[in-house]
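Q:
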Amino acid sequence: MSGGANDRRINGSCHCGNIRFTLDWPNAPHVIPIRACSCTLCRKHNAAWTSSPMGSFSIKVDDESKLTYYRFGTQTADFYTCKNCGVIPIVTSDIEGALYAVVNAYTFNDVDPSEMAVATTDFEGEDTDTRLGRRQKNWTPEA
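Okay, so the sequence shown: first residue is -6 according to my numbering, each after it adds one.
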């Protein structure tokens, strides 16, 4: 990160800590915009997502044997699911050889919920090319 006054590093993890992520967000807003996807998977997991297209992310997994990747729908995103605790802290999508991610705001370790503004989103009916283009524009690139 550039080290600006509004730069922010957010750490998150699954419940047991096996899957951890860091989101570096330059010039972070005071209130973090959170997208509550209305698909059945996100609703059943009570997951809500955020990203910083100008930022970067990194993932650490302690025990790969306790990690599974779940794909559904267009088969273009990997939902990192912990086999130990069942939590999905991060989703990645490989687009043109580059990895992009959204992180589950409800898995943040160091953000007060009052700093988040949640809005419902609906991507139903979005074709694959449109979906990948949206992700490439709005999701966070890998560090």
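Note that CB positions come from ideal geometry on N, CA and C, so glycine has one too.
Note that this is a predicted model, so its numbers are computed, not measured.
Whose CA, out of Asn(-1), Thr33, Gly126, Thr15, lies closest to the CA of Thr69?
A: Thr69 has its Cα closest to that of Gly126, out of Asn(-1), Thr33, Gly126, Thr15.
Q: Roughly how many angstroms lie between the CA atoms of Thr100 and Trp132, to the nearest whole one?
A: Taking the straight line joining both Cα atoms gives about 17 angstroms.
Q: Quick check: what's the CA-CA separation for Gln129 versus Cys75?
A: If you take the alpha carbons of Gln129 and Cys75, they lie about 25 angstroms apart.
Q: When the Cα atoms are used, what is the spatial distance from Ala136 to Phe50?
A: Roughly 5 angstroms separates the two Cα atoms.
Q: Would you call the segment 96 to 111 in contact with the segment 55 to 67, where contact means no fewer than 3 C-beta pairs closer than 8 angstroms?
A: Because the criterion of three Cβ pairs below 8 angstroms is not met, the segment 96 to 111 and the segment 55 to 67 do not touch.
Q: Mapping DSSP to helix, strand and coil, what is Thr67?
A: Note: Thr67 maps to coil in three-state DSSP.
Q: Please look up how many angstroms separate the CB atoms of Asn11 and Asp56, rounded, as I've assumed it's under 8 angstroms.
A: At roughly 6 angstroms, the Cβ-Cβ gap stays under 8 angstroms, so Asn11 and Asp56 are in contact.
Q: What number of angstroms, rounded off, separates the C-alpha of Met47 from the C-alpha of Asp0?
A: Each residue's alpha carbon lies about 11 angstroms from the other.
Q: To which residues of the same chain is Cys78 closer than 6 angstroms at the C-beta, ignoring the five residues directly before and after it?
A: Here the set comprises Cys7, His8, Cys9.
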